[in-house]
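A.B. asks:
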Amino acid sequence: MTSHPTPHTPDHLAAHAEEAAAVLDALHTRAEGLSAEEAAQRLAQHGANRLPQAPRKHPLLRFLAHFHNVLIYVLLAAAAVTAALGHWIDTGVILAVVVANALIGFIQEGKAEEAMAAIKSMLAPHSAVLRDGRRQRLDAVDLVPGDIVLLEAGDRVPADLRLINARGLKCEEAVLTGESVPADKNTEPVSADAPLGDRTSMLFSGTLVAGGTGLGVVTATGSRTEIGRISGMLADVETLTTPLLRQMDIFARWLTVFILIVAAAVLTYGYFVEHLDFAGVFMSVVGLSVAAIPEGLPAVLTITLAIGVRTMAQRNAIVRRLPAIETLGAVSVICSDKTGTLTRNEMMAADVVIADQVYQIAGEGYAPAGGILRNGQTLAAGADPLLTAFARAAYCCNDARLHEQEGQWRTEGDPMEGALLALAGKISGQGGQAFSGYTRLDAVPFDAAHRYMAVLSRDSDGLPHIYVKGAPEALLAMCAQQRTPEGNAPLDTDYWLQQVEKLAEKGRRVLAVAEQAATIGQTTLSNADIAQSLQFIGLVGLIDPPRSEAVAAVQQCHEAGIQVKMITGDHAATACAIAREIGLSHTDNVLTGNDLDFIDDAGLAGRILETDVFARTSPAHKLRLVKALQSHGLTVAMTGDGVNDAPALKRADAGIAMGQTGSEAAKEAADLVLADDNFASIVAAVREGRTVYDNIQKVISWTLPTNAGEALTIIVALLIGTALPITPVQILWINLITTVTLGIALAFEPAEAGNMQRAPRRRDAPLLSRMLVWNIVLVALLMFAAVFGVFAYAKGSGHSLALAQTMSMNMLAVLEIFYLFYVRNIYSTSLNWQAVRGTPVVWLCVGIVTLAQLAITYLPFLQPLFGTESIPLSDGLLIIAVGVVFFALIEVEKQMRLAWVKAV
0 MTSHPTPHTP DHLAAHAEEA AAVLDALHTR AEGLSAEEAA QRLAQHGANR
50 LPQAPRKHPL LRFLAHFHNV LIYVLLAAAA VTAALGHWID TGVILAVVVA
100 NALIGFIQEG KAEEAMAAIK SMLAPHSAVL RDGRRQRLDA VDLVPGDIVL
150 LEAGDRVPAD LRLINARGLK CEEAVLTGES VPADKNTEPV SADAPLGDRT
200 SMLFSGTLVA GGTGLGVVTA TGSRTEIGRI SGMLADVETL TTPLLRQMDI
250 FARWLTVFIL IVAAAVLTYG YFVEHLDFAG VFMSVVGLSV AAIPEGLPAV
300 LTITLAIGVR TMAQRNAIVR RLPAIETLGA VSVICSDKTG TLTRNEMMAA
350 DVVIADQVYQ IAGEGYAPAG GILRNGQTLA AGADPLLTAF ARAAYCCNDA
400 RLHEQEGQWR TEGDPMEGAL LALAGKISGQ GGQAFSGYTR LDAVPFDAAH
450 RYMAVLSRDS DGLPHIYVKG APEALLAMCA QQRTPEGNAP LDTDYWLQQV
500 EKLAEKGRRV LAVAEQAATI GQTTLSNADI AQSLQFIGLV GLIDPPRSEA
550 VAAVQQCHEA GIQVKMITGD HAATACAIAR EIGLSHTDNV LTGNDLDFID
600 DAGLAGRILE TDVFARTSPA HKLRLVKALQ SHGLTVAMTG DGVNDAPALK
650 RADAGIAMGQ TGSEAAKEAA DLVLADDNFA SIVAAVREGR TVYDNIQKVI
700 SWTLPTNAGE ALTIIVALLI GTALPITPVQ ILWINLITTV TLGIALAFEP
750 AEAGNMQRAP RRRDAPLLSR MLVWNIVLVA LLMFAAVFGV FAYAKGSGHS
800 LALAQTMSMN MLAVLEIFYL FYVRNIYSTS LNWQAVRGTP VVWLCVGIVT
850 LAQLAITYLP FLQPLFGTES IPLSDGLLII AVGVVFFALI EVEKQMRLAW
900 VKAV
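First residue of the sequence shown? That's 0 in numbering that gives the first Met the number 0, and the numbers climb one at a time after it.
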C-alpha cells in the first residue's frame, strides 16, 4: 500500500493557493515545511525560540535580604549589647547563629529557583509543525523562522506567525493589546503600519488560541517577537510562598513577641527582684530568646516543600503552584479522564469475528506482533485463509501508517486504523511488512453521511480489488452475501447484529470489513461501484486497554480512602467495561451527560457519592461534578486537557492537566501537570503530597518541643535562683548546630510505611493539632526533667559548675538526637530495624552533631570558648542511658496512643 496522504498536508492549502504561495516565498519556506537540515541551520542563525531571562538579583543582595527579619534584628541587638559588655565569645556565637540562618535561607532560595527553572523547562510548550512534509510535535524552543505551525483551540502561540490558513480562528491577545474580547483572525493581508490589534493575519507569541484552527508560518522567534520587545515581562520566577508558610510565619512572629515579653519579664525579675548581675541575667535572657524562638523553622519548611517539588517532578508530576503540594496530601476524591490517563490511549484489536469463529488477539500497543487465539489455542500465522482475507482488507482500507521509533511502535493517523495495521501484521506474521505489495489506485474517503471508507487496490499480480470498512449497520445494509470457509453464503444479518451487541457489551468499538471483486482494468472508485454487491467478511472489536499501572494505582487509592471517579466522553458501555477492569467500586450506576442535564444540583449531590462512572460528558459537566463533590466536604483533584476544562481545573482543589495531550490553556489553569498523562503519576503525587505534609509535621513536632524544653530549663533556673544548667553561649551553640543539621534532616524523610493506608486529612484539619500540643508539653517537661536531673546529679557528685553545665548541654544534645529518631515515625513504631537504620541524611546530621559536641567538650582550645570541661566516661554513659530512658518513655506513650486510636 502506498501514497497515503498525511493529515494536515499541503493539500489543505488549496483554497488560498496563490496568497499562501506568496507568503511562503516571502518567508523562504515551502508548503511541506522546512527540512531538518534547513531547520538546524536557521536555529544556529537565529538562536533558540526563548525569551531572554530577567536579570537575577545579585547573590550578595540575596544573601543580605535574609537579615531582614524581626528575629534577626533582635539577635543583632543582643550581639551589640554583649559586645558592649565585653562578652566577645557570646557575641561571636550569636553572630554565628545569625549568619548560619542567613546561609540556610540563601542556599535554599538558590536551590528553589533552580528547581522552579527546571520545572519551567519541563513545562515548555510543544507545537505541531510541518517538517520534511510530515506533521511533527516539537518543543517550541526549537522553532525557527519559516517553520509551518498548526494551531487549534487551547494552544499557546509559540512564536510570531503569519497565517496562511484559518478556519473560525479567534485569539486572545489581552497580554499584548489589552483587549479582553478574542480577536478574529484571517489570512487577508493588512497594511504594514497597522496597529498591533488590527493585524488580523498575524498571531503573536504568548497569546492563546480561543477557537478554530489555523496554519501559520513563523516570522519571528525569541526576543524578536512582539512580546520579546516588551520589557519587564520576564520577572516571573514563582515565589516559594504557600498558605502553610504564611501561617507559620504569622505563628512565628506572635511566638517571637510572646517570648520577648516573657524574656523582658524574666530580665526585670532577675535584675530588680533577685538583684542579679545585669550582664549575667541579660545573657541568660538572650539564651532564653534564642532557645525558644524557632528561627530556622520557616527555612526548613520551605526546604521541605522545595524537596517535594523536585521529587514530584522526578515522578512526572510537575507542580506549577506550591500550595498544590499541601492540597494533594489531603485529596479525598480523584476525578480522572479515561482515555490516555486510565487507559493507554493506544487502540488495539481485541476480538475478530469471522463466520462462526471468534478470535482473541494478544499483543500490546501498536506493535504488529502477538498471538491469534481461537478457543484458547494459538493459531499459526496465515493458517486461516478467511482470517487472512480480513487482515488484507483491514490493511488496504487504511490511511494510517506504522513505524518503529526507539523500540516503540507508533502510528500516524487514526488510532483505530493504526490498530488495524497492527492486527494485519499479527495475522499475516509479516509484522510491519504485511501486504506491502498492494498499491492503492483510488479511494472513497470516510464520510459521516455514508459511514464507511472504500479503496480500490491492485495486488502484486496487477489484479484490482475493492475493500470496505465502516460501521457494521452501514456495511450490513450494503451486503447480500458473507464469506465463509466453504465460500460465499447468504448474509445472516441477525447473527452479525447479535455479535455486534456482544462486542459492544464488552466495551469494544466495532468495525465491519467487506470486499468486492473489481473489474479488470478499473482505476477509479465511486459510491455507485459498491452500492449492493459487497461480501461481508467479519467484525473487529477494538479497545483502548487500561494501563496496568492504573489498576494498581486505583487499588492504592481505595486503600487510602480516596474515591476515584471516571469522567469520559466515551459511550457508557465502553466506560463501564474499562471501569470494571481497573477496579472502580460503583460500576453498575452510570450517569451520562444527558442524565446530568436533567438532574438539578441537589439531586446530583445526592447521587454522586454512589456513582463512579460518568459517560458521554462534556467539559461543561466537570464543573458541576466538582461542586457536587465539594458540597460533601471532599477535597477534589480533577484532570483535564481541553481549553473548556479550565473552569473545572480552577474550581477543583487540585487541578491536574495532561502534559502530553493537554492544551496550554488547561496547563495554565492547573496546579499540577502530568508529564506522562498517567493516572499512576497522580497517585504518586498524592503519596508525595502526604509525605511532604508528614515531613512538615515532623519538622514542627521536632522544633517546637525541643525549643520549649530549652526555654523552660532557663526560665525555671532563673525563677528559683539557681545557677543555669546550660550557659547562654552553650544554648546558642546547641541551637546553631541542631538547627543546621537535625531539623533539616527531617525534610528528606521518605514516606512512612502505611502512608497510603490512612484516611485523607480533613480540609479543616489544624496544623497544630491537640495531639501535637500534647506532644510539645510532654517532651518539653521530659527534657526539662532530664537536663535538670543530670545537672543536679553532677553538682551532687562534687563536679565543678563548668562540668555540670557541660554534662547538661550534652544531655540536651543527646535528647534531641533521640527525639529525632522518635519523630521520624509519627504513625508507626520507631523500634524496628528500618527505623533504626535511618537514612544517609539522618546519619550524616547525627554524625555532624556528635563530632561537634565531642569537639567542644574535649578539645582544649575550644573548652575556654564554650566554658566546657571533659566529661568522664562513666558520666558520658549515664547521659546516653538517660537518653535511652527518655526515648523509651515517649515511644511507649506513642504506642499506647496508637493502640487507643485503633481501638476507638
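Where a beta carbon is used, it is the ideal one built from N, C-alpha and C, also for glycine.
Because the structure is a prediction, the values reported are computed rather than measured.
Using CA coordinates, which residue listed in P704, V589, L802 and L735 is at the minimum distance from L767?
C.D. replies: Comparing Cα positions, the closest option is P704.
A.B. asks: In three-state DSSP terms, what is V539?
C.D. replies: The answer is strand: DSSP assigns V539 an E or B state.
A.B. asks: Which residue's Cα is closest to the Cα of I226: E187, L378 and E172?
C.D. replies: The residue with the shortest Cα to Cα distance from I226 is E172.
A.B. asks: Excluding the 5 residues flanking A935 on each side, which residues of the same chain have their C-beta closer than 8 Å to its C-beta?
C.D. replies: The requested residue 935 is not part of the displayed model; the chain covers only 0 to 903.
A.B. asks: With distances taken Cα to Cα, identify the nearest neighbour of H631 among A614, A665 and A604.
C.D. replies: Of the candidates A614, A665 and A604, the one whose C-alpha sits nearest the C-alpha of H631 is A604.
A.B. asks: Using a 10 Å radius around the Cβ and a threshold of 16 neighbouring Cβ atoms, would you call K468 buried or exposed?
C.D. replies: That one is buried.
A.B. asks: I581 lies in the alpha helix (DSSP H); which residues open and close that run?
C.D. replies: That run of the alpha helix (DSSP H) goes A571 to I581.
A.B. asks: Quick one, are the C-beta atoms of P471 and V509 less than 7 Å apart?
C.D. replies: Yes, the pair counts as a contact, with Cβ atoms nearer than the cut-off.
A.B. asks: Fully enclosed by the stretch 743 to 806, which alpha helix (DSSP H) runs are 4 residues long or longer?
C.D. replies: Fully enclosed alpha helix (DSSP H) runs of 4 or longer: 769 to 795.
A.B. asks: Can you tell me whether R450 is helix, strand or coil according to DSSP?
C.D. replies: Coil at R450, not helix or strand.
A.B. asks: With a cut-off of 8 Å on the beta carbons, I'd call A182 and K169 a contact; round off their distance for me.
C.D. replies: At roughly 7 Å, the Cβ-Cβ gap stays under 8 Å, so A182 and K169 are in contact.
A.B. asks: If we count the other Cβ atoms within 10 Å of its Cβ and call it buried at 16 or more, is R41 buried or exposed?
C.D. replies: Looking at its Cβ environment, which holds 16 or more other Cβ atoms inside 10 Å, R41 is buried.
A.B. asks: Any beta carbon from chain C within less than 7 Å of A552's own beta carbon?
C.D. replies: In the structure shown, chain C cannot be found, because there is only a single protein chain.
A.B. asks: To the nearest angstrom, report how far apart V682 and A316 are at their CA atoms.
C.D. replies: Approximately 10 Å, taken between the alpha carbons.
A.B. asks: Note down the Cα distance separating I714 from L259, rounded to an integer number of angstroms.
C.D. replies: Roughly 13 Å separates the two Cα atoms.
A.B. asks: Is L745 closer than 7 Å to N824 when the C-beta atoms are compared?
C.D. replies: For N824 and L745, no; Cβs fall outside 7 Å.
A.B. asks: State yes or no: is the C-beta of V143 within less than 7 Å of the C-beta of S126?
C.D. replies: Going by C-beta atoms, V143 is not nearer than 7 Å to S126.
A.B. asks: How is S2 classed by DSSP in three states: helix, strand or coil?
C.D. replies: Only weak support is given to the placement of S2: the predicted model assigns it a pLDDT of 34, under 50, and the value that follows is read from those uncertain coordinates. In the structure shown, S2 sits in coil (DSSP, three-state: anything other than H, G, I, E or B).
A.B. asks: Suppose contacts are defined by Cβ-Cβ distances below 7 Å. Is V822 in contact with W701 by that definition?
C.D. replies: Cβ distance < 7 Å, so V822 and W701 count as in contact.
A.B. asks: Hey, quick one: how far does the alpha helix (DSSP H) through N593 stretch, first residue to last?
C.D. replies: Unbroken alpha helix (DSSP H) run through N593: G592 to D596.
A.B. asks: Mind the definition here: the stretch 376 to 390 touches the stretch 347 to 361 only if three or more C-beta pairs lie below 8 Å; say whether that holds.
C.D. replies: In short, these stretches touch, since the Cβ pair count reaches three.
A.B. asks: Which stretch, first to last residue, makes up the beta strand (DSSP E) that contains C396?
C.D. replies: Unbroken run through C396: none, as it is neither H nor E.
A.B. asks: Measuring only the C-alpha atoms, how far is G592 from S456?
C.D. replies: Their Cα atoms are separated by approximately 42 Å.
A.B. asks: Please confirm whether A361 and G540 have their CB atoms less than 7 Å apart.
C.D. replies: Their beta carbons are not under 7 Å apart, which means A361 does not touch G540 by this criterion.
A.B. asks: Smallest Cα separation from E890: which of Y826, Q756, E18 and L50?
C.D. replies: Nearest C-alpha to E890: Y826.
A.B. asks: Quick check on Y72: buried or exposed, where buried means 16 or more other Cβ atoms within 10 Å of its Cβ?
C.D. replies: By the neighbour-count rule (16 or more Cβ atoms within 10 Å), Y72 is not buried but exposed.
A.B. asks: Between A801, M806, L583 and W842, which lies nearest to F820 when the distance is taken from Cα to Cα?
C.D. replies: The candidate whose alpha carbon is nearest that of F820 is W842.
A.B. asks: Tell me which residues share the same chain as D644 and place their Cβ nearer than 7 Å to its Cβ, disregarding the 5 neighbours each side in the sequence.
C.D. replies: Closer than 7 Å at the Cβ level, and outside the excluded window around D644, lie P618, K621 and A665.
A.B. asks: Go through the stretch 490 to 542 residue by residue and report every complete run of the alpha helix (DSSP H) that reaches 4 residues or more, in order.
C.D. replies: Correct list: 492 to 504.
A.B. asks: V22 and R161 - do their beta-carbons sit closer together than 7 Å?
C.D. replies: Yes; because the gap between Cβ atoms is below 7 Å, this pair is in contact.
A.B. asks: Between the C-alpha atoms of V217 and E405, what's the straight-line distance to the nearest angstrom?
C.D. replies: Whole-angstrom Cα-Cα distance: 30 Å.
A.B. asks: Once DSSP output is grouped into helix, strand and coil, what is the label at S680?
C.D. replies: Three-state result, S680: helix.
A.B. asks: Quick one: is E17 buried, meaning 16 or more other Cβ sit within 10 Å of its Cβ, or exposed?
C.D. replies: Counting Cβ neighbours within 10 Å, E17 comes out exposed, since fewer than 16 surround it.
A.B. asks: Look at the alpha carbon of I163 and the alpha carbon of A38, and state the distance between them as a whole number of angstroms.
C.D. replies: Distance between the alpha carbons of I163 and A38 is about 20 Å.
A.B. asks: Verify whether the separation of the beta carbon atoms of D640 and M657 is less than 7 Å.
C.D. replies: In contact: D640 and M657 (Cβ atoms closer than 7 Å).
A.B. asks: Taking the alpha-carbon positions, what's the F678 to F62 distance?
C.D. replies: Distance between the alpha carbons of F678 and F62 is about 41 Å.
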